[in-house]
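Engineer: Residues 1 to 305 (full-length UniProt numbering) make up the sequence shown, in order. All C-beta atoms, glycine included, are put in the ideal place defined by N, C-alpha and C. No experiment lies behind these values; they were computed from the predicted model shown.
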Amino acid sequence: MDNRTTKKAFKSGFVSIVGRPNVGKSTLLNHIVGTKIAIMSNKPQTTRNKITAVHTTEEGQIIFLDTPGIHKPQSKLGNYMVTVAENTLNEVDLVLFVVDATEKRGAGDEYIIERLKQVKTPVFLVINKIDKVHPEALLPIIDDYRKLYDFKQIVPISALEGNNTGSLTEAIFAEMEEGPMFYPADQVTDHPERFVVAELIREKVLHLTREEVPHSIAVVVEEMKRGENGKTLYIYAAIYVERDSQRGILIGEKGQMLKEIGRRARKDIERLLGDKVFLELWIKVKKDWRNQERMLRNFGFYDEE
1 MDNRTTKKAF
11 KSGFVSIVGR
21 PNVGKSTLLN
31 HIVGTKIAIM
41 SNKPQTTRNK
51 ITAVHTTEEG
61 QIIFLDTPGI
71 HKPQSKLGNY
81 MVTVAENTLN
91 EVDLVLFVVD
101 ATEKRGAGDE
111 YIIERLKQVK
121 TPVFLVINKI
131 DKVHPEALLP
141 IIDDYRKLYD
151 FKQIVPISAL
161 EGNNTGSLTE
171 AIFAEMEEGP
181 MFYPADQVTD
191 HPERFVVAEL
201 IREKVLHLTR
211 EEVPHSIAVV
221 VEEMKRGENG
231 KTLYIYAAIY
241 VERDSQRGIL
251 IGEKGQMLKE
261 IGRRARKDIE
271 RLLGDKVFLE
281 LWIKVKKDWR
291 NQERMLRNFG
301 FYDEE
């Protein structure tokens, strides 16, 4: 009789995270992966590209695609963002539809549900921000969404507090089939360092500015190189805006705003890369860049065509 323990099959699969802007998709992604991959902001439409993040355990590997919030686009950039989000629905093994427990179901949620009805991919409803509502408020929310779509599972969580996120990943693994390890166990994203660095810089601008500035910026890392001692990473990045007035806001009085953006970004970059970082930022004006296809391509959009 063979008493050897049978090794459990390794599972893997691709999971898309969709939802309206500002429901906490990036916060959820960062919590599961355990490091900051997608930038977080309380401003809508923070995520502009499809962010790939990898979660690996002994049980298997989940490759998450955090997508831009699906919304009514107001520019060519907005059209690109919505197209990216919708295209992932047919590319993955599972979709996480994230909604905000503190907000009533709206036209945006209903639009996403109609899109989900057009694909065969199984869908989990993830009700986020449960730490901000009374437990008794959850049942009506669940019943409300159940009337519109036959979800494979419904999982209430708090991405910010980490409540029930472990149960969510267990449910995802239960849905996965046996498969290979697509990425090394210690890899958390397939994006190059330049992309992640640019996103961290953009996050600081989102945190420190308001009104028209956040959605009018793009960040391009123009150079990353190591110093002669090999211990310092030198990063030179440009922050693009659409108007001269926005340039003035980002520079700030006596350059204080730009210095603060750089200080905060440098701390996060050093934490992520484990290197001492010298970061130099400057501001460039490109009028109406969000509606110029050439500029969008230069800034890394439309790379999937």
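Provide the residue(s) that pair with I127 in DSSP beta bridges, ordered along the chain.
Structural biologist: Translated into the one-based positions of the sequence shown, residue 127 becomes position 127. For I127, which the question treats as bridged, DSSP gives the partners V99 and P156.
Engineer: Within 10 angstroms of the Cβ of M261, are there 16 or more other Cβ atoms? Answer buried if so, exposed if not.
Structural biologist: Looking up residue 261 in the sequence shown gives position 261. Looking at the sequence itself, residue 261 is Ile, so the reference to Met does not match. Answer is buried; the Cβ neighbour count reaches 16.
Engineer: How should R263 be labelled, buried or exposed, when 16 other C-beta atoms within 10 angstroms of its C-beta is the threshold for buried?
Structural biologist: Counting from 1 along the sequence shown, the entry for residue 263 is found at position 263. Answer is exposed; the Cβ neighbour count stays below 16.
Engineer: Secondary structure at N42, three-state DSSP: helix, strand or coil?
Structural biologist: As a working mapping, residue 42 is identified with position 42 in the sequence shown. Note that N42 scores 47 on pLDDT, short of 50, meaning its location in the model is unreliable; the coordinates nonetheless yield the value given after this. It is coil, neither helix nor strand.
Engineer: K287 to I251, Cα distance in whole Å?
Structural biologist: The residue labelled residue 287 in the question sits at position 287 within the sequence shown. The residue labelled residue 251 in the question sits at position 251 within the sequence shown. Their Cα atoms are separated by approximately 17 Å.
Engineer: Would you check if the stretch 177-194 and the stretch 56-63 touch, i.e. whether three or more CB-CB distances between them fall below 8 Å?
Structural biologist: With the cut-off at 8 Å, the stretch 56-63 and the stretch 177-194 touch.
Engineer: Counting C-beta neighbours from all protein chains within 10 Å, is the total for Y240 16 or more, i.e. buried, or is it exposed?
Structural biologist: What you label residue 240 is simply residue 240 of the sequence shown in a count that begins at 1. Buried, by the Cβ-count rule.
Engineer: For L108 and R20, I'd like the C-alpha separation in whole angstroms.
Structural biologist: Locating residue 108 in the sequence shown gives position 108, counting from the first residue. Locating residue 20 in the sequence shown gives position 20, counting from the first residue. Here the sequence assigns Gly to residue 108, which means Leu is not the residue at that position. Their Cα atoms are separated by approximately 6 Å.
Engineer: Tell me the start and end of each unbroken alpha helix (DSSP H) in the stretch 197-266 that is at least 4 residues and wholly inside, in chain order.
Structural biologist: Fully enclosed alpha helix (DSSP H) runs of 4 or longer: 244-251.
Engineer: Under 9 Å between the Cβ atoms of M176 and V197?
Structural biologist: By one-based count along the sequence shown, residue 176 stands at place 176. By one-based count along the sequence shown, residue 197 stands at place 197. Contact: no.
Engineer: DSSP three-state call for H55: helix, strand or coil?
Structural biologist: To locate residue 55, count along the sequence shown from 1; it is residue 55. Three-state result, H55: strand.
Engineer: Helix, strand or coil: which one does DSSP assign to V92?
Structural biologist: What you label residue 92 is simply residue 92 of the sequence shown in a count that begins at 1. Of the three classes helix, strand and coil, the one that applies to V92 here is coil, per DSSP.
Engineer: Could you pull out every residue in the same chain whose Cβ sits closer than 8 Å to the Cβ of E305, ignoring the five residues on either side in sequence?
Structural biologist: By one-based count along the sequence shown, residue 305 stands at place 305. Its pLDDT being 39, under 50, E305 is placed unreliably in this model, and the coordinates cannot settle the point.
Engineer: Along the chain, where does the alpha helix (DSSP H) that runs through D144 open and close?
Structural biologist: By 1-based counting over the sequence shown, the position of residue 144 is 144. Residues L138 to R146.
Engineer: Hey, out of M181, S12 and L96, whose CA is closest to L29's CA?
Structural biologist: Counted from its first residue, the sequence shown places residue 29 at position 29. The shortest C-alpha separation from L29 is found at L96.
Engineer: Does the Cβ of I142 have 16 or more other Cβ atoms within 10 Å, making it buried, or fewer, making it exposed?
Structural biologist: As a first step, residue 142 must be located in the sequence shown, where it is residue number 142. Exposed is the call here.
Engineer: Check whether the Cβ atoms of G13 and V92 lie closer than 9 Å to each other.
Structural biologist: The sequence position of residue 13 within the sequence shown is 13, counting from 1. The sequence position of residue 92 within the sequence shown is 92, counting from 1. Going by C-beta atoms, G13 is nearer than 9 Å to V92.
Engineer: Expressed to the nearest angstrom, what Euclidean distance is found between the alpha-carbon atoms of N291 and V285?
Structural biologist: As a first step, residue 291 must be located in the sequence shown, where it is residue number 291. As a first step, residue 285 must be located in the sequence shown, where it is residue number 285. Looking at the two C-alpha atoms, the distance is approximately 14 Å.
Engineer: In whole angstroms, what separates the C-alpha of F195 from that of L208?
Structural biologist: As a working mapping, residue 195 is identified with position 195 in the sequence shown. As a working mapping, residue 208 is identified with position 208 in the sequence shown. Approximately 20 Å between the Cα atoms of the pair.
Engineer: Would A137 pass as a contact of A101 if the rule is Cβ separation under 9 Å?
Structural biologist: Looking up residue 137 in the sequence shown gives position 137. Looking up residue 101 in the sequence shown gives position 101. Contact flag set, yes.
Engineer: What does a CB cutoff of less than 7 Å around G227 pick up in its chain, not counting 5 residues either side in sequence?
Structural biologist: Counting from one through the sequence shown, the residue named residue 227 turns up at place 227. Once the five neighbours on either side are set aside, the close Cβ partners of G227 are Y234.
Engineer: Going by C-alpha distance, which of G179, L200 and W282 is nearest A9?
Structural biologist: Against the sequence shown, residue 9 aligns to sequence position 9. With distances taken between Cα atoms, A9 lies closest to G179.
Engineer: Can you tell which of R105, N164, G166 and A174 has its C-alpha closest to the C-alpha of Y145?
Structural biologist: Working through the sequence shown from its first residue, we reach residue 145 at position 145. Of the listed residues, the one whose Cα sits closest to Y145 is R105.
Engineer: Is the Cβ-Cβ distance between K276 and T232 less than 9 Å?
Structural biologist: As a working mapping, residue 276 is identified with position 276 in the sequence shown. As a working mapping, residue 232 is identified with position 232 in the sequence shown. Result yes, Cβ atoms of K276 and T232 sit closer than 9 Å.
Engineer: If I'm right that N128 touches G24 with Cβ under 8 Å, what's the distance once you round it to whole angstroms?
Structural biologist: Position 128 of the sequence shown, counted from the first residue, corresponds to residue 128. Position 24 of the sequence shown, counted from the first residue, corresponds to residue 24. So it is a contact: roughly 4 Å between Cβ atoms.
Engineer: Would a C-beta distance cut-off of 9 Å place L94 and F124 closer than the cut-off?
Structural biologist: Residue numbering aside, residue 94 sits at position 94 when the sequence shown is read from its first letter. Residue numbering aside, residue 124 sits at position 124 when the sequence shown is read from its first letter. Yes.
Engineer: Output yes or no for whether 9 Å exceeds the beta carbon distance between D268 and E193.
Structural biologist: Here the question's residue 268 lines up with position 268 in the sequence shown. Here the question's residue 193 lines up with position 193 in the sequence shown. No.
Engineer: In whole angstroms, give me the CA-to-CA distance for residue 310 and P122.
Structural biologist: With the chain represented from 1 up to 305, any question about residue 310 goes unanswered, as that position is not in the structure.
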